[in-house]
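Since the structure comes first, as structure tokens, the remarks are kept for the end.
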Ligand SMILES: CC(C)(COP(=O)(O)OP(=O)(O)OC[C@H]1O[C@@H](n2cnc3c(N)ncnc32)[C@H](O)[C@@H]1OP(=O)(O)O)[C@@H](O)C(=O)NCCC(=O)NCCS
């Protein structure tokens, strides 16, 4: 089985798990699970490893670990175009004074993701920014969980419509946001680190499927 087929299988399994998990947990706890369900339970614990993430408010103690999530100037440009590599604590301190809802994703005690909100206009709109997932944890659904979490904060805390911006050459992020229901509404011309022209695509949440 190739990596693509394995990924599809994993995604299908996750959908099934979301529906079946409560029943399975009950059966395993009550020792009512048959062999088929016990095997399924092993699969549950294996597949859920990658998405066992907690989202917490970022504090100054996290700034070093947040900076380490970005490992090159090119990547920093995608995450924070005005930043300079390495992404140090001083820059994160400044971000903390300008932005809201600085949030880290944590697995066990390791910081694996970061994001925040900016240009928050309650009852109207808010931008999700500085989105990054640790390299070793990418492709496991963490980015999806992070964006869903930040979009929920926009909606529940500020009653604000979630927006975000992404460069045209950032295929991974572009596909992620599209899959979650964000749609382009504007394009801005920018220069990248090599002074080549790139398009910054502004997107807003456009369909009711954040669940
Ligand atoms: C963009 C980023 C946050 C995504 O995080 P992630 O944890 O890898 O994303 P997920 O595992 O949740 O993947 C969600 C979707 O992203 C897309 N995706 C993931 N890996 C991909 C890859 N290798 N190629 C293309 N698209 C990919 C897919 O649409 C995927 O959905 P699927 O799993 O249903 O196919 C992460 O790659 C990252 O930190 N990149 C560097 C910084 C960055 O670009 N930040 C965004 C700035 S706007």
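In the UniProt record's numbering, the protein residues as written are 1 to 211. Quick reminder that beta carbons are idealized off the backbone N, C-alpha and C, glycines included. Note that the structure is predicted; figures quoted are calculated from it, not measured.
For residue 94, count neighbouring C-beta atoms within 10 Å of its own C-beta (all shown protein chains included) and say buried if the count is 16 or more, exposed if not. Numbered from 1 along the chain shown, position 94 holds the residue referred to as residue 94. So residue 94 ends up on the exposed side.
Below 7 Å between beta carbons: does that hold for residue 168 and residue 78? Numbered from 1 along the chain shown, position 168 holds the residue referred to as residue 168. Numbered from 1 along the chain shown, position 78 holds the residue referred to as residue 78. No, these two residues do not count as a Cβ contact at 7 Å.
Inter-residue CB distance, residue 233 and residue 185 (contact presumed, cutoff 8 Å): Since the first residue shown for the chain is 1 and the last is 211, residue 233 is missing from the structure and cannot be characterised.
Where residue 162 falls, given that 16 or more other Cβ within 10 Å makes a residue buried: As a first step, residue 162 is located in the chain shown; it is residue number 162 there, counting from the start. Result: buried.
Helix, strand or coil at residue 61 according to DSSP, with G and I counted as helix: Within the chain shown, numbered from 1, the residue matching residue 61 stands at position 61. The answer is helix: DSSP assigns residue 61 an H, G or I state.
Test: residue 154 CB closer than 7 Å to a CB of chain D: Among the chains in the structure shown there is no chain D, since it carries only a single protein chain.
Run the Cβ filter for me: residues under 6 Å from any heavy atom of ligand 1, listed in the order they occur in the chain. 11, 75, 78, 79, 131, 132, 133, 138, 139, 140, 141, 142, 143, 144, 166, 170, 171, 172, 173, 175, 176 and 179
Exposure of residue 121, with buried meaning 16 or more beta-carbon neighbours within 10 Å: Along the chain shown, one-based indexing puts residue 121 at 121. By the 10 Å Cβ count, residue 121 comes out exposed.
In the DSSP assignment, find the unbroken beta strand (DSSP E) run with residue 190 in it and report its ends. Residue mapping note: residue 190 aligns to position 190 of the chain shown, counting from 1. Here the beta strand (DSSP E) through residue 190 covers 182-191.
Neighbourhood of residue 160 by C-beta distance below 8 Å, restricted to the same chain and skipping five residues each side: If you number the chain shown from 1, residue 160 lands on position 160. Around residue 160: 120, 121, 122, 123, 124, 125, 126 and 154.
With respect to the alpha helix (DSSP H) encompassing residue 205, which residues constitute its N-terminal and C-terminal limits? What you label residue 205 is simply residue 205 of the chain shown in a count that begins at 1. Looking at the DSSP string, residue 205 is not in any alpha helix (DSSP H); the run it does join, the beta strand (DSSP E), is 197-205.
Since residue 57 and residue 102 are thought to touch, with beta carbons under 8 Å apart, how far apart are those beta carbons, to the nearest angstrom? Counted from its first residue, the chain shown places residue 57 at position 57. Counted from its first residue, the chain shown places residue 102 at position 102. Going by Cβ atoms, the distance from residue 57 to residue 102 rounds to 7 Å, so yes, they are a contact pair.
Comparing alpha-carbon positions, which option in 128, 81 and 139 lies nearest residue 158? Within the chain shown, the letter at position 158 stands for residue 158. The shortest C-alpha separation from residue 158 is found at 128.
So is residue 83 buried or exposed if we call it buried at 16+ other beta carbons inside 10 Å? Stepping through the chain shown from its first residue, residue 83 is reached at position 83. By the neighbour-count rule (16 or more Cβ atoms within 10 Å), residue 83 is buried.
For residue 113, collect the residues of the same chain with a Cβ closer than 6 Å to its Cβ; drop the 5 residues on either side in sequence, then sort them by chain order. What you label residue 113 is simply residue 113 of the chain shown in a count that begins at 1. Excluding positions up to five away in sequence, the list reads 105, 133, 142 and 146.
Can you name, in chain order, every residue of its own chain whose Cβ lies under 6 Å from the Cβ of residue 235, other than the five neighbours on each side? Summary: the structure shown does not reach residue 235, with the chain confined to residues 1 through 211, and so no result is reported for it.
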